[in-house]
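K.L.:
Residue numbers (the working numbering): 12 to 176.
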C-alpha cells in the first residue's frame, strides 16, 4: 500500500474529480486486490493490475454517483503534486504548483473517457496497446480518445490563458 497508494490516489482523483470518492475507490482497490491476489499470475505485473482495479472502481463510482457533476470537488487542487519540492525558490515552487493545478483542473474538466486515456498514457506511461488491453477496447479507439482529449485540453488551456491574459 505504501508503494502504490499515492500513485493510485492521484489516478483516482484525476478520474473522479473528488478526493473522498477517490480515497474510497483506492481503499476498495486494495480490498479487492487482497481478496483476489491468487488471480495475479505474474507478480511483476502488480502495478498494472492495481491500476486496472482502480480504473474499474472509478468507473463503477462514476456510473453510480449521479450527483458527481452537481457538486464539484472543493479540494480540486489539494492533491495536485508539487513537482518542484527541490526548487530553488518560493516563486519557482509557486509557479510549478500553479501550472500543475491548472493542468489538473483542465484534465478534470474533460469527459471521463478522455481523462481515463490521458491519465493512463501520460501519468502511468502506458502504451496505447496496454491501455487498449486494460480498457478492453481497440487500439484505434484509444488513439482517437488520446487525440481528442489532447485537442480538448489544448482548447481549455488556451481559453483560460485568453481569459486570464
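For each residue, glycine too, the CB sits at the ideal point set by N, CA and C. No experiment lies behind these values; they were computed from the predicted model shown.
Are there 16 or more other CB atoms within 10 angstroms of the CB of residue 71, so buried, or fewer, so exposed?
P.N.:
Numbered from 1 along the chain shown, position 60 holds the residue referred to as residue 71. So residue 71 counts as exposed.
K.L.:
Considering just the uninterrupted stretch of the alpha helix (DSSP H) at residue 41, what are its terminal residues?
P.N.:
Translated into the one-based positions of the chain shown, residue 41 becomes position 30. Element bounds for residue 41: 30 to 46.
K.L.:
Is the segment 126 to 140 close to the segment 156 to 175, with three or more CB pairs under 8 Å?
P.N.:
Remark: three or more beta-carbon pairs, one from each stretch, lie closer than 8 Å, so the segment 126 to 140 and the segment 156 to 175 are flagged as touching.
K.L.:
Distance check for residue 130 and residue 21, CA to CA, integer angstroms please.
P.N.:
In the chain shown, counting from the first residue as 1, residue 21 sits at position 10. In the chain shown, counting from the first residue as 1, residue 130 sits at position 119. Taking the straight line joining both Cα atoms gives about 9 Å.
K.L.:
Between residue 122 and residue 73, what straight-line distance do the alpha-carbon atoms span, to the nearest angstrom?
P.N.:
As a first step, residue 122 must be located in the chain shown, where it is residue number 111. As a first step, residue 73 must be located in the chain shown, where it is residue number 62. Using only the alpha carbons, I get a separation of about 11 Å.
K.L.:
Give the single residue among 60, 166, 147 whose Cα lies nearest to the Cα of residue 135.
P.N.:
For the purposes of this step, residue 135 is taken as residue 124 along the chain shown, with counting starting at 1. Residue 135 has its Cα closest to that of 60, out of 60, 166, 147.
K.L.:
To the nearest angstrom, report how far apart residue 161 and residue 42 are at their CA atoms.
P.N.:
Taking the chain shown and counting its residues from 1, one reaches residue 161 at position 150. Taking the chain shown and counting its residues from 1, one reaches residue 42 at position 31. Taking the straight line joining both Cα atoms gives about 34 Å.
K.L.:
Mapping DSSP to helix, strand and coil, what is residue 138?
P.N.:
Position 127 of the chain shown, counting from 1, holds the residue named residue 138. Coil at residue 138, not helix or strand.
K.L.:
Distance, Cα to Cα, residue 47 vs residue 143?
P.N.:
Counting from 1 along the chain shown, the entry for residue 47 is found at position 36. Counting from 1 along the chain shown, the entry for residue 143 is found at position 132. Straight-line Cα distance between these residues: approximately 23 Å.
K.L.:
Starting from residue 126, trace the alpha helix (DSSP H) both ways and give me its first and last residue.
P.N.:
Working through the chain shown from its first residue, we reach residue 126 at position 115. Note, residue 126: alpha helix (DSSP H), 123 to 129.
K.L.:
Could you give the distance in angstroms between the alpha-carbon of residue 148 and the alpha-carbon of residue 33?
P.N.:
Position 137 of the chain shown, counting from 1, holds the residue named residue 148. Position 22 of the chain shown, counting from 1, holds the residue named residue 33. In a straight line, the C-alpha of residue 148 is about 24 Å away from that of residue 33.
K.L.:
What are the start and end residues of the alpha helix (DSSP H) that includes residue 21?
P.N.:
In the chain shown, residue 21 corresponds to position 10, counting from 1. Residue 21 -> alpha helix (DSSP H) spans 16 to 27.
K.L.:
On the three-state DSSP scale, how would you describe residue 51?
P.N.:
Reading the chain shown from its first residue, position 40 is the one you call residue 51. Residue state for residue 51 is assigned as coil, using DSSP reduced to three classes.
K.L.:
So, for residue 167: in the same chain, excluding its five sequence neighbours on each side, which residues have a beta-carbon less than 7 Å away from its beta-carbon?
P.N.:
One-based indexing of the chain shown puts residue 167 at position 156. Closer than 7 Å at Cβ, skipping near neighbours: 117, 120.
K.L.:
What is the C-beta distance between residue 126 and residue 25, in whole angstroms, given that I count them as a contact (C-beta under 8 Å)?
P.N.:
Numbered from 1 along the chain shown, position 115 holds the residue referred to as residue 126. Numbered from 1 along the chain shown, position 14 holds the residue referred to as residue 25. Distance from residue 126 to residue 25 at the Cβ level is roughly 6 Å; contact confirmed, criterion being Cβ atoms closer than 8 Å.
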